[in-house]
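K.L.:
Just dropping this structure here.
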Amino acid sequence: MKPIKYLENFVTLFIHNKIVMPILNNIKYNLFLIY
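Per our numbering, the very first residue in the sequence shown carries number 390; after that it's consecutive.
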């Protein structure tokens, strides 16, 4: 396993946790409010 690839995966995961998860949670929350 190359260090660069590992770093890439780490950054992708980090971005996913910081951006994607909050957006998904927000959508879920909004859907919950609608019903």
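Idealized CB from N, CA, C, for every residue including glycine. For clarity, every value in this text was computed on a predicted model and none was experimentally measured.
By Cβ distance, which residues of its chain are closer than 6 Å to Y418, with the 5 residues on each side in sequence left out?
P.N.:
Here residue 418 is taken as the residue at index 29 of the sequence shown, counted from 1. Closer than 6 Å at Cβ, skipping near neighbours: no residue.
K.L.:
Can you list, in chain order, the residues of its chain with a C-beta nearer than 7 Å to that of K391? Leave out the 5 residues immediately preceding and following it.
P.N.:
Position 2 of the sequence shown holds residue 391. The beta carbon of K391 sits closer than 7 Å to no other beta carbon from its chain once the five residues preceding and following it are set aside.
K.L.:
Determine the extent of the alpha helix (DSSP H) in which N414 is found, giving its start and end residues.
P.N.:
By 1-based counting over the sequence shown, the position of residue 414 is 25. Segment 410-423, the alpha helix (DSSP H) holding N414.
K.L.:
Looking at the secondary structure, which residues open and close the alpha helix (DSSP H) in which K394 lies?
P.N.:
Position 5 of the sequence shown, counted from the start, is the residue given in the question as residue 394. Here the alpha helix (DSSP H) through K394 covers 392-404.
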